[in-house]
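Chains as they are written, first to last, in the working numbering: chain A, 1 to 171; chain B, 172 to 342; chain C, 343 to 513; chain D, 514 to 684.
There are 4 protein chains.
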Amino acid sequence: MESAEQDVLPFWIFILNSPAIMDGWHETEIRVRYAETDKMGIVHHANYLIWFEAGRSDLCRAKGFSYKEMEENDNALMVVAESYVRYKSPAYYEDVLSVRTRVAEIRSRSIRFIYEIVRPTDEVLLAEGETLHLVTDTSKRVRQIPDSYKELLTVDDRDMAQAFPANQAPS
Amino acid sequence: MESAEQDVLPFWIFILNSPAIMDGWHETEIRVRYAETDKMGIVHHANYLIWFEAGRSDLCRAKGFSYKEMEENDNALMVVAESYVRYKSPAYYEDVLSVRTRVAEIRSRSIRFIYEIVRPTDEVLLAEGETLHLVTDTSKRVRQIPDSYKELLTVDDRDMAQAFPANQAPS
Amino acid sequence: MESAEQDVLPFWIFILNSPAIMDGWHETEIRVRYAETDKMGIVHHANYLIWFEAGRSDLCRAKGFSYKEMEENDNALMVVAESYVRYKSPAYYEDVLSVRTRVAEIRSRSIRFIYEIVRPTDEVLLAEGETLHLVTDTSKRVRQIPDSYKELLTVDDRDMAQAFPANQAPS
Amino acid sequence: MESAEQDVLPFWIFILNSPAIMDGWHETEIRVRYAETDKMGIVHHANYLIWFEAGRSDLCRAKGFSYKEMEENDNALMVVAESYVRYKSPAYYEDVLSVRTRVAEIRSRSIRFIYEIVRPTDEVLLAEGETLHLVTDTSKRVRQIPDSYKELLTVDDRDMAQAFPANQAPS
């Protein structure tokens with residue numbers, strides 16, 4: 001049995017080498033604020049869109065640019081055209097959560113991001129979702145995403161994930 | 172000409188008889204608050220979920236009950252399980268908007284609502300969306316929706332709308 | 343002493359006849375949204391500032407102008423410099439509330455508003471507060487309030503109310 | 514004069530040794546979210562109350578307890594009775610800010626916190642403020658703050674700061 005064990009790589013080697021896990025997904029930590037709860041005692045569902053947005057901003061910084069500068073210096077806005085969230089388990093006040101963000105698809109005039117909200121302490125997947133963005137100028141006219149940003153956001157083929165179909169998780 | 176006019180029903184008769192328009196859809200007026208805008212100069216996209224919720228509460232009142240009492244007296248919560256929004260045109264500070272809400276599907280343990288956000292002054296459809304709710308007790312265990320509420324919310328067959336069709340589908 | 347007492351009008355007569363109380367106050371109705379509650383089961387305290395703002399916008403419309411146009415056409419912003427709220431009794435989901443707003447003081451470069459939040463159904467005063475605003479241009483430089491707006495907002499001397507001191511109601 | 518100067522310690526020595534500055538203040542880092550901005554291009558003023566609250570939660574954790582547990586296990590809520598904010602300079606999207614929080618006064622049934630919001634990159638004080646809290650049970654009846662929490666929150670005399678008077682900074 002010992003020799004057999006030596007023939008296979010340990011499980012975590014695959015994890016560490018997996019581009020689907022190592023690349024593309026970016027993690028942002030947030031802590032649930034009191035104001036984000038509602039009278040049900042859990043986080044109000046609208047806040048997940050705000051957390052997705054925080055994850056998106058943070059992913060841009062990790063890719064090497066500031067979304068603020070993209071808006072203010074390069075006249076390119078990522079206007080939200082669609083949003084989808086599936087809420088699987090509640091989040092509570094003071095929870096420390098991880099927002100996992102990833103570029104799912106990038107076209108000349110649009111970008112699709114996918115997200116997962118995970119609570120690391122008990123490894124529960126709280127929510128998953130996606131947002132579709134049109135790139136516009138400050139007058140809200142659709143335009144091409146500037147090449148420099150497109151390159152920074154582009155993921156290689158291994159990472160190219162379809163937006164997840166209905167009733168199925170993105171990963 | 173007079174006889175010809177008598178052969179066709181006036182336009183507003185169709186309107187008044189249309190179950191898609193007359194039944195089911197409930198209208199709630201809201202006015203855009205300054206706090207709901209963001210640095211793009213338009214309403215931040217997370218607020219549409221809050222407006223949908225305001226529409227839902229108002230539809231319940233129009234159907235003859237208070238969602239507050241459903242929660243507090245009958246131990247039945249409508250927890251949000253999924254949300255989808257398509258943003259078609261921006262809303263601006265001080266806009267007066269109509270939130271149109273409708274029960275799309277009601278099952279023993281879940282309810283699906285659909286929504287439209289319209290700006291009556293220029294008749295622009297700003298957004299449309301849907302939310303799926305699981306009925307739970309206050310411990311967040313899924314339970315059957317109480318019969319009394321189910322009856323109040325049930326729409327007849329003419330009203331039974333699919334979540335909005337192609338080119339409007341969520342996925 | 344009895345005759346002396348008969349020489350003066352009772353206190354409440356002055357109250358009822360006081361233009362400072364009768365005039366100036368503008369009322370705006372709002373209904374508490376589910377998203378505005380927190381896990382205490384009551385409205386989260388930050389929302390009162392948003393309701394004050396809604397009352398302020400509405401008072402401007404009642405005075406004959408749109409704050410939106412003041413910003414966009416006349417390059418005059420009312421930036422918030424100070425806010426104060428005293429919370430006296432909780433507001434609950436679905437409550438219909440009246441936001442009472444009034445100009446307390448207007449100077450060449452600043453405006454002070456005072457507010458009361460009342461629940462008409464049981465006549466409870468839920469909160470009171472005030473906000474001080476500096477008038478700036480879009481570059482956030484302090485400027486004079488345009489005369490046309492100053493005139494519309496100016497209250498006559500009878501209305502000129504001091505901002506209420508600490509631990510005391512504004513009226 | 515030279516000798517006189519040598520007799521007194523330089524100003525900054527007192528600052529560095531001052532327990533009022535070194536102790537008591539707790540720092541919490543936050544990053545400005547897009548959703549927190551408004552059409553003026555700056556952070557909407559209601560968010561400062563939410564940041565104060567985040568600072569308060571974090572101070573409790575630093576003092577050795579969770580405010581969540583205080584509410585849920587010990588039936589002691591810190592209901593907001595008053596809030597005051599002075600806005601001195603705008604905050605912008607993506608700014609990294611420090612929320613400085615401190616217990617200003619603790620009594621048997623109330624607690625007063627004071628706050629500063631600072632942008633460390635340019636050392637600008639953006640805002641300062643305070644909140645007064647009544648301690649209540651879950652039925653919102655005022656009660657004594659449990660001794661264990663009072664001890665954890667109590668500051669020694671050197672730290673006992675008066676709530677700052679009008680038009681003056683807390684430090």
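From the three backbone atoms N, C-alpha and C, an ideal C-beta is built for every residue, glycine too.
C/Leu-439 and C/Ile-372 closer than 8 Å at C-beta: yes
- prompt: If you measure from the beta carbon of A/Ala-46 to each beta carbon in chain C, is any gap under 8 Å?
  reply: yes
Continuous alpha helix (DSSP H) assignments of at least 4 residues falling wholly in the segment 243-330 of chain B: If you keep only unbroken alpha helix (DSSP H) runs of at least 4 residues inside the segment 243-330 of chain B, you get 318-324.
message: Quick check on A/Ser-139 - is its C-beta less than 8 Å from some C-beta in chain B?
response: Not an interface residue.
Burial state of B/Val-313, where buried means 16 or more other Cβ atoms lie within 10 Å: With a threshold of 16 other beta carbon atoms within 10 Å, B/Val-313 falls short and is exposed.
query: Is the beta carbon of B/Val-256 less than 8 Å from the beta carbon of B/Ala-225?
result: No.
task: Compute the beta-carbon to beta-carbon distance between D/Trp-564 and D/Ile-630, rounded to the nearest angstrom, for a pair I have assumed lies under 8 Å.
output: 6 Å
- request: Determine the contact status of B/Thr-208 and B/Ser-254, defining contact as a CB-CB distance below 8 Å.
  value: In this structure, B/Ser-254 does not lie closer than 8 Å to B/Thr-208 by Cβ.
message: Rounded to the nearest angstrom, what separates C/Val-374 and D/Ala-594 at their Cα positions?
response: 19 Å
query: Sorted by chain position, which residues of the same chain lie with C-beta nearer than 7 Å to D/Thr-649's C-beta, five sequence neighbours on each side aside?
result: Leu-590, Val-592, Val-655, Arg-656
- request: Determine whether the Cβ of C/Tyr-426 lies closer than 8 Å to any Cβ atom of chain D.
  value: yes
message: Using beta carbons (cut-off 8 Å, strictly below), is B/Lys-239 in contact with chain C?
response: yes
task: Taking C-beta pairs closer than 7 Å, name the residues in chain C that D/Val-593 reaches, listed in chain order.
output: His-387, Tyr-429
field: Environment of C/Gly-406 [buried if 16+ CB atoms lie within 10 Å]
entry: exposed
field: Helix, strand or coil at A/Ile-30 [DSSP, three-state]
entry: strand
query: Do we get a CB-CB distance below 8 Å when we pair D/Ile-658 with the residues of chain A?
result: no
- request: Determine which residues of the segment 389-406 of chain C have a Cβ less than 7 Å from any Cβ of chain D, and write them out in chain order.
  value: Leu-391, Ile-392
query: Quick one: which chain G residues come within Cβ less than 8 Å of C/Leu-419?
result: Among the protein chains of the structure shown, namely A, B, C and D, there is no chain G.
query: Do you know how far the Cα of C/Asp-437 is from the Cα of C/Thr-463?
result: 9 Å
task: Would you kindly report the start and end of the unbroken alpha helix (DSSP H) that includes C/Trp-393?
output: 389-405
- request: Output, in chain order, the set of chain D residues within a Cβ distance shorter than 9 Å of A/Tyr-149.
  value: Here the premise fails: no neighbours, minimum Cβ distance about 16 Å.
query: What does a CB cutoff of less than 7 Å around D/Pro-659 pick up in its chain, not counting 5 residues either side in sequence?
result: Asp-587, Ala-589
message: Just to make sure I have the definition right: I need the residues of chain D whose C-beta is within less than 9 Å of the C-beta of C/Pro-432. Which are they?
response: The contacting residues are Val-592, Lys-653.
Contact check, C/Ile-448 vs C/Lys-410, beta carbons under 8 Å: no
Selection from B/Phe-284, B/Ser-237, B/Lys-311 that minimises the alpha carbon distance to B/Leu-319: The question names Leu, yet the displayed sequence has Ser at residue 319 of chain B. Ranked by how close their Cα comes to the Cα of B/Ser-319, the residues B/Phe-284, B/Ser-237, B/Lys-311 have B/Ser-237 in first place.
task: Count the other C-beta atoms from every protein chain shown that fall within 10 angstroms of the C-beta of C/Ser-399, then say buried if there are 16 or more, exposed otherwise.
output: buried
field: chain A residues whose Cβ lies nearer than 7 Å to that of D/Ala-548
entry: Ile-50, Glu-53
message: A/Lys-88 and A/Leu-126 - do their beta-carbons sit closer together than 8 Å?
response: yes
message: Would D/Glu-607 pass as an interface residue toward chain A - the criterion being a Cβ-Cβ separation below 8 Å?
response: yes
query: How long is the line joining the alpha carbons of C/Glu-413 and B/Gly-212, rounded to whole angstroms?
result: 12 Å
- prompt: Using the beta-carbon count (16 or more within 10 Å), is C/Glu-465 buried or exposed?
  reply: exposed
message: Please return the same chain residues whose Cβ sits closer than 7 Å to the Cβ of A/Ser-108, not counting the five positions on each side in sequence.
response: Gln-144, Ile-145
query: Can you tell which of B/Ala-206, B/Ser-310, B/Lys-210 has its C-alpha closest to the C-alpha of C/Thr-480?
result: B/Lys-210
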